[in-house]
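Structure record follows, encoded as structure tokens.
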Amino acid sequence: MSTLYLIGAGPGDPELITLKAVNTLKKAQVVLYDALVNPELLNYCSAECELVYVGKKPGIHQYQQIYINDMIVDNGKRYEHVVRLKGGDSFVFGRGHEELEHARAHGMNVEIVPGITSAISVPAMSEIPVTKRGVNESFWVITGTTSSLEMSGDIALAAKSSATVVILMGMRHLSKIVELFSEARGENEAIAVIQNGSKENERSAICELHEIENQVEEQGLGSPAIIVIGEVARLGKRKIVEAYSASISVQEV
96 MSTLYLIGAG PGDPELITLK AVNTLKKAQV VLYDALVNPE LLNYCSAECE LVYVGKKPGI
156 HQYQQIYIND MIVDNGKRYE HVVRLKGGDS FVFGRGHEEL EHARAHGMNV EIVPGITSAI
216 SVPAMSEIPV TKRGVNESFW VITGTTSSLE MSGDIALAAK SSATVVILMG MRHLSKIVEL
276 FSEARGENEA IAVIQNGSKE NERSAICELH EIENQVEEQG LGSPAIIVIG EVARLGKRKI
336 VEAYSASISV QEV
């Protein structure tokens, strides 16, 4: 019987993948991998391993989810070790459980190899703790954009709390997010926007709510990015990538 291995690839830095994930990739016979997976990770696969790109980005879906589900089952009929490699963690807005259910319904075994979610690791690499004693008592992780491309209603609920709020896939609704939090917490609340977190081309803006839209525009920040709102964001280090002809330097501010 074939086995589907659902592997979380971490936030982007190829060193931020677990040892178990590496060992599983080494025995993979086919790997179905996403757009946010660092391609360097595919070097752990054998020369005989089949590599299949099934990436999805906002507004650009190379493959619909139902087709990916079918590809998993089809490859399970051909191979013993089928790997589904996803950015971050498969069970944090990764639709991993849908793939688990589909594979099991078609007789496949399933093993989960957790990944480091970007929701916590990317802020941490900018020295932003999602919790800090005396500052906050909880944190929320929310998708910024629902399947209908609307802003999640949970964001308005989170704004009324004192929690650190981490928003994934929320850049298309940044203006509305800023408006909601400004009304609920005041325009001086701290916010961070971190693009391409943990990668060499990471860039970020850390400021207050009333400043963030100008900062994002000035730096040209966009998706994929993580939004962190809460007083802990003031503790972070801002990274600006500046290009000079053929060279790129990173400044920490």
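Residues in the sequence shown are numbered consecutively from 96, following my numbering.
From the three backbone atoms N, C-alpha and C, an ideal C-beta is built for every residue, glycine too.
task = For the beta strand (DSSP E) containing Pro301, list its first residue and its last residue.
result = What you label residue 301 is simply residue 206 of the sequence shown in a count that begins at 1. Rather than Pro, the amino acid found at residue 301 in this sequence is Ile. Ile301 -> beta strand (DSSP E) spans Arg298 to Glu303.
key: Met246 versus Ala320: straight-line alpha-carbon distance, rounded   = As a working note, residue 246 is residue 151 in the sequence shown. As a working note, residue 320 is residue 225 in the sequence shown. Cα to Cα, Met246 sits roughly 15 Å from Ala320.
request  = Tell whether a beta-carbon distance below 8 Å holds between Leu111 and Leu136.
outcome  = Here residue 111 is taken as the residue at index 16 of the sequence shown, counted from 1. Here residue 136 is taken as the residue at index 41 of the sequence shown, counted from 1. Their beta carbons are not under 8 Å apart, which means Leu111 does not touch Leu136 by this criterion.
task = Could you say if the region 237 to 246 and the region 293 to 310 meet the contact criterion of at least three C-beta pairs nearer than 8 Å?
result = no
message = Please report the distance separating the alpha-carbon of Ser257 from that of Asn291.
response = Position 162 of the sequence shown holds residue 257. Position 196 of the sequence shown holds residue 291. Straight-line Cα distance between these residues: approximately 27 Å.
request  = Along the alpha helix (DSSP H) that carries Leu269, what are the first and last residues, could you check?
outcome  = To locate residue 269, count along the sequence shown from 1; it is residue 174. Judged by DSSP secondary structure, Leu269 falls within the alpha helix (DSSP H) whose first and last residues are Leu269 to Arg280.
Three-state class that DSSP yields for Val311 in the structure shown = Residue mapping note: residue 311 aligns to position 216 of the sequence shown, counting from 1. Here DSSP, grouped into helix, strand and coil, assigns Val311 to helix.
inquiry  = Using the Cβ count rule (16 or more neighbours within 10 Å means buried), how would you classify Arg179?
reply    = Working through the sequence shown from its first residue, we reach residue 179 at position 84. It is buried - the Cβ of Arg179 has at least 16 other Cβ atoms within 10 Å.
message = Here's a check: name, in chain order, each residue in its chain whose Cβ is nearer than 7 Å to the Cβ of Val311, leaving out the five neighbours to either side.
response = Position 216 of the sequence shown, counting from 1, holds the residue named residue 311. Correct list, in chain order: Leu269, Val288 and Ala300.
ask   = In this structure, does DSSP put His201 in helix, strand or coil?
value = Residue numbering aside, residue 201 sits at position 106 when the sequence shown is read from its first letter. Note: His201 maps to coil in three-state DSSP.
request  = For my contact list, Leu263 and Ala219 are in at a C-beta cut-off of 8 Å; report their separation, rounded to the angstrom.
outcome  = For the purposes of this step, residue 263 is taken as the residue at position 168 of the sequence shown. For the purposes of this step, residue 219 is taken as the residue at position 124 of the sequence shown. Contact check for Leu263 and Ala219: beta-carbon distance about 15 Å, past the 8 Å limit, so the pair fails to qualify.
Three-state class that DSSP yields for Val345 in the structure shown = If you number the sequence shown from 1, residue 345 lands on position 250. Annotation note: pLDDT 48 at Val345 (below 50); position unreliable, coordinate value reported separately. The answer is strand: DSSP assigns Val345 an E or B state.
task = Closer than 7 Å by C-beta to Tyr139: which residues in its own chain qualify, once you throw out the five before and the five after it? Chain order, please.
result = Residue numbering aside, residue 139 sits at position 44 when the sequence shown is read from its first letter. Closer than 7 Å at Cβ, skipping near neighbours: Val117, Leu120 and Lys121.
message = Please report the straight-line C-alpha distance between Leu195 and Asp108, rounded to a whole angstrom.
response = Within the sequence shown, the letter at position 100 stands for residue 195. Within the sequence shown, the letter at position 13 stands for residue 108. So the alpha carbons of these two residues sit roughly 26 Å apart.
ask   = Quick one, which of Val273, Val132 and Val149 has its alpha-carbon nearest Glu161's?
value = The residue you call residue 161 lines up with position 66 of the sequence shown. Reading the sequence as shown, one finds Ile at residue 161 and not Glu. Ranking Val273, Val132 and Val149 by Cα distance to Ile161 puts Val149 first.
query = So, using beta-carbon positions, are Glu206 and Thr98 closer together than 8 Å?
reply = What you label residue 206 is simply residue 111 of the sequence shown in a count that begins at 1. What you label residue 98 is simply residue 3 of the sequence shown in a count that begins at 1. Against a cut-off of 8 Å, the Cβ pair of Thr98 and Glu206 comes out as a contact.
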